[in-house]
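**Student:** Each residue of the sequence shown is one higher than the last, beginning at 0 in numbering that gives the first Met the number 0.
All C-beta atoms in this analysis are idealised placements derived from N, C-alpha and C, irrespective of residue type, glycine included.
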Amino acid sequence: MNANIVLLPGDGIGPEVVNEARLVLDAVAKLFGHSFSYSTHLLGGCAIDATGTAMPDATLKACQAADAVLLGAVGGPKWDDPQAKVRPEQGLLAIRKGLGLYANLRPVKAIPSLAKLSPLKPERVAGVDFIVIRELTGGLYFGQPKGRSTTPEGGEQAVDTLVYTDVEIRRIVRLAFELARNRRKLVTSIDKANVLESSRLWRKIAMEVGKEFPDVKLEHQLVDSAAMRLVTHAAQFDVIVTENMFGDILTDEAAVLAGSLGLLPSASLGAGKLGLYEPIHGSAPDIAGKGIANPTGTILSAAMLLRHSLGLEAEARAIEAAVSAAIDEGIHTGDLGAAKPVNTTQMGDAVRARLKR
Ligand code: NAI
Ligand code: MG
């Protein structure tokens with residue numbers, strides 16, 4: 000197949016890790032007989048330097064016309080002035096909004112040979128393989144009314160509103176069921192239905208959607224006990240789906256289970272096939288330019304791109320298998336605590352060398 004992929008390398012280690020992922024995509028294209036074309040655009044601090052805005056119009060236009068977008072990371076101390084009107088992170092929010100991306104997917108998979116990096120005991124991290132789907136455009140972070148006012152007594156008051164519509168809930172829960180069908184067929188919907196009305200609607204819609212997927216099991220869990228279960232029995236989860244703020248908190252908790260930030264990919268999806276794929280780590284200014292960043296989070300993001308935007312499941316699995324094989328053979332970058340670490344390019348080369356049809 001032919002596909003048009005936009006690359007947004009961004010700042011810090013972004014360009015280094017995106018380059019390795021692009022080379023992996025090229026190797027996959029060659030192996031499986033596809034043709035991928037790329038165009039590179041500015042987002043974040045580099046865009047501010049060149050154009051004065053974190054997301055130039057040309058970047059959004061290119062992304063809207065693409066089949067998929069692969070992003071490195073944005074930000075860094077150079078743009079950290081709290082007084083600054085334009086900030087790199089504005090580029091991230093603007094691109095997600097501009098592309099209508101409402102679902103954030105974060106898979107977490109324990110790699111047995113890295114169990115020692117996890118803060119959990121090896122027996123608790125064994126078999127961990129789940130994906131969290133966080134609703135990205137609704138809920139407490141965007142609900143109206145929102146703001147400050149004065150109390151009748153002259154004190155200060157602030158309000159945020161947690162609001163969801165049936166349409167917003169249905170589309171994200173449906174995505175969870177669709178993904179579960181290709182996995183272990185278990186959806187855990189996380190809410191706070193014992194307290195929140197919005198959660199009771201969430202639960203009702205989740206049950207309705209569940210009826211469309213009789214082959215997938217649906218369970219509901221309260222967010223507080225889910226937070227506990229993530230550290231006690233994480234291996235029991237398959238697909239987790241939850242609202243924006245609960246997802247924000249739980250994805251950070253989930254991210255540390257695997258042991259290194261550098262390993263984890265993510266995807267942001269909307270109504271169509273177009274998606275934005277990026278590692279979960281930031282621009283790592285402390286190691287930028289040294290050529291030692293771990294590119295696997297970005298390489299695995301490229302695998303998600305093939306799966307979710309291009310429908311190339313076998314190709315996605317080939318990348319995931321190659322990454323696991325390289326890591327299991329002890330080919331590790333410095334962040335994985337290796338005594339003799341490989342550099343960014345060597346890690347990418349090791350993955351490419353292990354790609355098999
Ligand atoms: P960070 O994820 O950039 O770095 C945290 C620590 O992990 C650092 O010690 C870093 O060297 C290490 N690290 C991260 N990715 C790595 C990799 N691939 N290989 C090896 N080591 C890796 O988070 P931090 O330091 O809080 O933020 C740095 C900048 O990145 C900030 O400007 C922040 O705003 C931005 N950021 C951007 C994100 C994005 O583009 N989505 C997400 C998180 C932070
Ligand atoms: Mg967060």
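Output the distance between the C-alpha atoms of D128 and A301, rounded to the nearest integer angstrom.
**Tutor:** In the sequence shown, residue 128 corresponds to position 129, counting from 1. In the sequence shown, residue 301 corresponds to position 302, counting from 1. Roughly 18 angstroms separates the two Cα atoms.
**Student:** Using DSSP with H/G/I as helix, E/B as strand and the rest coil, what is G32?
**Tutor:** The residue labelled residue 32 in the question sits at position 33 within the sequence shown. In this structure, G32 counts as coil in the three-state DSSP scheme.
**Student:** How far does the beta strand (DSSP E) with K361 in it reach, from first residue to last?
**Tutor:** Beyond the ends of the chain as shown, which are 0 and 356, falls residue 361; an answer cannot be given.
**Student:** Does the distance from the CB of P8 to the CB of C45 come in under 9 angstroms?
**Tutor:** The residue you call residue 8 lines up with position 9 of the sequence shown. The residue you call residue 45 lines up with position 46 of the sequence shown. Yes, Cβ-Cβ distance for P8 and C45 is below 9 angstroms.
**Student:** So who's on the other strand from V240, going by DSSP bridges?
**Tutor:** The residue given as residue 240 occupies position 241 in the sequence shown. According to DSSP, which records beta bridges pairwise, V240 is partnered with I132, S188.
**Student:** Is the distance from the Cβ of I330 to the Cβ of A317 below 9 angstroms?
**Tutor:** By 1-based counting over the sequence shown, the position of residue 330 is 331. By 1-based counting over the sequence shown, the position of residue 317 is 318. No; because the gap between Cβ atoms is not below 9 angstroms, this pair is not in contact.
**Student:** So is the beta-carbon of S282 under 8 angstroms away from any non-hydrogen atom of the ligand NAI?
**Tutor:** Locating residue 282 in the sequence shown gives position 283, counting from the first residue. Checking the Cβ of S282 against the ligand NAI gives yes.
**Student:** At what residues does the alpha helix (DSSP H) containing P87 begin and finish?
**Tutor:** Along the sequence shown, one-based indexing puts residue 87 at 88. According to the DSSP assignment, P87 belongs to the alpha helix (DSSP H) that extends over 87-97.
**Student:** Smallest Cα separation from S267: which of N103, G290, I132?
**Tutor:** The sequence position of residue 267 within the sequence shown is 268, counting from 1. Among N103, G290, I132, the Cα nearest to that of S267 belongs to N103.
**Student:** What separation, rounded to the nearest whole angstrom, lies between the Cα atoms of P284 and L70?
**Tutor:** By 1-based counting over the sequence shown, the position of residue 284 is 285. By 1-based counting over the sequence shown, the position of residue 70 is 71. For P284 and L70, the distance between alpha carbons rounds to 16 angstroms.
**Student:** Could you give the distance in angstroms between the alpha-carbon of H33 and the alpha-carbon of A67?
**Tutor:** Residue mapping note: residue 33 aligns to position 34 of the sequence shown, counting from 1. Residue mapping note: residue 67 aligns to position 68 of the sequence shown, counting from 1. Near 15 angstroms, if we compare the C-alpha coordinates of A67 and H33.
**Student:** Among P144, D214, V158, whose alpha-carbon lies nearest the alpha-carbon of T150?
**Tutor:** Within the sequence shown, numbered from 1, the residue matching residue 150 stands at position 151. Closest option to T150, Cα to Cα, is V158.
**Student:** If we ignore side chains and look at the alpha-carbon of each, how far apart do V85 and L185 end up?
**Tutor:** Counted from its first residue, the sequence shown places residue 85 at position 86. Counted from its first residue, the sequence shown places residue 185 at position 186. Approximately 42 angstroms between the Cα atoms of the pair.
**Student:** Can you tell which of F236, S224, A352, V230 has its C-alpha closest to the C-alpha of L217?
**Tutor:** Against the sequence shown, residue 217 aligns to sequence position 218. Nearest C-alpha to L217: F236.
**Student:** Per DSSP, what kind of secondary structure is H219 in: helix, strand or coil?
**Tutor:** Position 220 of the sequence shown, counted from the start, is the residue given in the question as residue 219. H219 falls in the strand class under three-state DSSP.
**Student:** Taking the alpha carbon of L229 as the reference point, which residue from E314, L262, A257, I204 has its own alpha carbon closest?
**Tutor:** As a working note, residue 229 is residue 230 in the sequence shown. Closest option to L229, Cα to Cα, is A257.
**Student:** Sort out for me which residues DSSP pairs L7 with in a bridge.
**Tutor:** Position 8 of the sequence shown, counting from 1, holds the residue named residue 7. Looking at the DSSP assignment, L7 forms a beta bridge with L70.
**Student:** Which partner residues does L275 have in the DSSP bridge list?
**Tutor:** By 1-based counting over the sequence shown, the position of residue 275 is 276. Per DSSP, V68, S267.
**Student:** Could you tell me if I248 is buried or exposed, where buried requires 16 or more neighbouring beta carbons within 10 angstroms of its beta carbon?
**Tutor:** Mapped onto the sequence shown, residue 248 falls at position 249. Counting Cβ neighbours within 10 Å, I248 comes out exposed, since fewer than 16 surround it.
**Student:** Taking all protein chains shown into account, decide if R105 is buried (16 or more other Cβ within 10 angstroms of its Cβ) or exposed.
**Tutor:** Looking up residue 105 in the sequence shown gives position 106. The residue in question, R105, is buried, as its Cβ has 16 or more Cβ neighbours within 10 Å.
**Student:** Report whether the distance from the Cβ of G126 to the nearest heavy atom of the ligand NAI is below 8 angstroms.
**Tutor:** What you label residue 126 is simply residue 127 of the sequence shown in a count that begins at 1. Because no heavy atom of the ligand NAI lies under 8 angstroms away, the Cβ of G126 does not count as near it: no.
**Student:** My guess is that G11 and S282 are in contact by the Cβ rule of under 8 angstroms, so how many angstroms apart are they, rounded?
**Tutor:** As a first step, residue 11 must be located in the sequence shown, where it is residue number 12. As a first step, residue 282 must be located in the sequence shown, where it is residue number 283. With a Cβ gap of about 3 angstroms, G11 and S282 count as contacting.
**Student:** For chain D, find out if any of its Cβ atoms is closer than 9 angstroms to the Cβ of S112; answer yes or no.
**Tutor:** No chain D is present in this structure, which holds just one protein chain.
**Student:** Should the region 297-313 be regarded as contacting the region 132-139, the criterion being three or more beta carbon pairs within less than 8 angstroms?
**Tutor:** no
**Student:** D327: which of A225, M244, I110, L178 sits nearest, CA to CA?
**Tutor:** One-based indexing of the sequence shown puts residue 327 at position 328. Answer by Cα proximity: I110.
**Student:** Going by alpha carbons, who is nearest to S38 out of A20, L22, N3, F31?
**Tutor:** Sequence index remark: in the sequence shown, residue 38 carries index 39 (1-based). Nearest option by C-alpha distance: N3.
**Student:** Would the C-beta of N293 count as close to the ligand NAI, meaning under 8 angstroms from any of its heavy atoms?
**Tutor:** The residue labelled residue 293 in the question sits at position 294 within the sequence shown. Yes, the beta carbon of N293 sits closer than 8 angstroms to at least one heavy atom of the ligand NAI.
**Student:** Give the DSSP bridge partners of A337, in chain order.
**Tutor:** Working through the sequence shown from its first residue, we reach residue 337 at position 338. In the DSSP output, where bridge partners are listed per residue, A337 has none listed.
**Student:** Would you identify the three-state DSSP class for Q235, choosing helix, strand or coil?
**Tutor:** Counting from 1 along the sequence shown, the entry for residue 235 is found at position 236. Correct three-state label for Q235: helix.
**Student:** Can you tell which of L42, Q345, G246, G90 has its C-alpha closest to the C-alpha of I171?
**Tutor:** As a first step, residue 171 is located in the sequence shown; it is residue number 172 there, counting from the start. Checked all of L42, Q345, G246, G90; the closest Cα to I171 is G246.
**Student:** Return the first residue and the last residue of the alpha helix (DSSP H) that G44 is part of.
**Tutor:** On the sequence shown, residue 44 is found 45 positions in, with the first residue counted as 1. That run of the alpha helix (DSSP H) goes 44-50.
**Student:** Within the same chain, show all residues whose beta-carbon is closer than 7 angstroms to that of L116, passing over the 5 residues directly before and after it, in chain order.
**Tutor:** Looking up residue 116 in the sequence shown gives position 117. If we look at L116 and ignore the five residues flanking it on each side, its Cβ neighbours are G258, S259, L335, G336.
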